[in-house]
Amino acid sequence: MLSSCRRIKVVVAFVCSLLPTSRSFPTRYTIDDSVCAPLEEAELRKVVNRNCESLHKFLQKKPIATHTRAAFNQVSPLIDLSKPIVLDSGCGTARSTILLGDRFPDHTIVGVDRSFVRLNRNNLEGDDSFINPSEESQRPFQALSSNVLLVRAELTDFWRCCLDAEWNIEKHFILYPNPYPKKNRLKKRFYAHPSFPLILQLGGDITVRSNWMGYLTEFAHSVEYAHDFYRNTLDDRANNPALQYMTDALRGPVERTDKSIAWTNFEKKYDNSDEPTYELVLNRE
């Protein structure tokens, strides 16, 4: 006969065998309001108003990083200002930048990321074996093709350089930015960051994608609140950088339905998991 201890072990083993394994629960990437509740309108409006009002103070306290200024100065001579410019902000492994180059062959595509490691994974498969440790790969920029450039730079500082140089940005892509879902990191989200007004000032048709509908909804609301702030504080209505985006901001984000091409490695992962992704398109009027 089995001892008492032995019988207990057998029973426990049997019960455990009936329980679903971790593989029975697929990984879930989608963020929703149960993970991070939406902000109250008054709270988000206050954040946006403060960022619009104090932008000049933020820029004064934060000089443009030396390496970003140097990278911009080196890449600028390669930019044909007679061609439309497409900016791919936070391009990561540059999968999206390469695909944008194929989609817009008559445009100059500039992908910007702060990480050498991510930029050096510039292939459509996201394969780490493509990382290039050579000295060439450590340059502040790389020309991947005749119309695709990758730049290693601090994003906010690079935007400032673009504005100073009066680049004509036709399209601006911000694809799957870090959502920072915890409320105590709210100010790291693009729409709540002190640099948010720069996105509006850069102009161009803006496309933001995320696997969190709430992020894009609050991004759209932030455009509305910025519009209200500038409308009430600027003498010339035409100088309101948010005005051109209001129609689409009021329309808000939609679920992405065309999944024929995954523009980023994150998007590919979400598509492979059959999880929804969302898109906010802010076209200029």
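According to mature numbering (1 follows the signal peptide of the UniProt record, and there is no 0), the sequence shown holds residues -24 to -1, 1 to 261 in order. Where a beta carbon is used, it is the ideal one built from N, C-alpha and C, also for glycine.
Out of the options, which one is the CA nearest neighbour of residue i?
i, options, result
"isoleucine 145", "Asp9, Glu17 and Arg260", "Arg260"
"leucine 219", "Asn187, Gln50 and Asp181", "Asp181"
"alanine 225", "Asn216, Leu63 and Ser198", "Ser198"
"glycine 68", "Asn27, His83 and Ala129", "Ala129"
"threonine 44", "Leu20, Ser30, Phe134 and Leu76", "Phe134"
"histidine 83", "Asn27, Tyr5, Lys59 and Leu63", "Lys59"
"phenylalanine 205", "Asp78, Glu29 and Tyr152", "Glu29"
"glutamate 142", "Thr132, Leu57 and Ala119", "Leu57"
"proline 170", "Thr240, Lys22 and Tyr254", "Lys22"
"leucine 258", "Arg213, Asn241, Glu243 and Val184", "Val184"
"lysine 147", "Leu76, Leu35, Ser236 and Asp9", "Leu76"
"phenylalanine 34", "Asp234, Arg136, Thr223 and Ser249", "Arg136"
"residue 331", "Pro157, Asn215 and Phe149", "Because the chain spans -24 through 261 in this model, residue 331 falls outside it and cannot be assessed."
"alanine 47", "Val86, Arg207 and Ser10", "Val86"
"alanine 119", "Cys138, Val88, Leu139 and Asp140", "Val88"
Confirm, please, whether the CB-CB distance from residue j to residue i is below 9 Å.
i, j, result
"isoleucine 61", "valine 124", "no"
"phenylalanine 217", "leucine 256", "As written in the sequence, residue 217 is proline, which differs from the phenylalanine given in the question. Against a cut-off of 9 Å, the Cβ pair of leucine 256 and proline 217 comes out as no contact."
"alanine 202", "leucine 176", "yes"
"leucine 174", "glycine 66", "no"
"tyrosine 5", "tyrosine 221", "no"
"isoleucine 7", "tryptophan 188", "yes"
"alanine 70", "leucine 126", "yes"
"leucine 63", "leucine 178", "yes"
Under 8 Å from any heavy atom of the ligand GTP, does the C-beta of residue i make it?
i, result
"glutamate 130", "Questions concerning the ligand GTP fall outside what the structure shown contains, since it holds no ligand whatsoever."
In this structure, what does DSSP give as the bridge partners for residue i?
i, result
"valine 257", "Thr183"
"glutamate 231", "Tyr254"
key: Start-end ranges of the beta strand (DSSP E) lying completely within the region 102 to 189, minimum 3 residues   = 117 to 121, 124 to 128, 145 to 151 and 181 to 186
query = Can you find at least 3 beta carbon pairs, one from the region 43 to 52 and one from the region 189 to 206, that sit closer than 8 Å?
reply = no
ask   = Counting pairs of beta carbons, one from the region 160 to 168 and one from the region 75 to 94, are three or more of them closer than 8 Å?
value = no
key: Inside the region 61 to 90 only - beta strand (DSSP E) runs reaching at least 3 residues   = 61 to 65 and 84 to 89
request  = Could I get the ranges of all uninterrupted alpha helix (DSSP H) runs contained in the region 13 to 49, with 4 residues as the minimum, in chain order?
outcome  = 17 to 29 and 31 to 37
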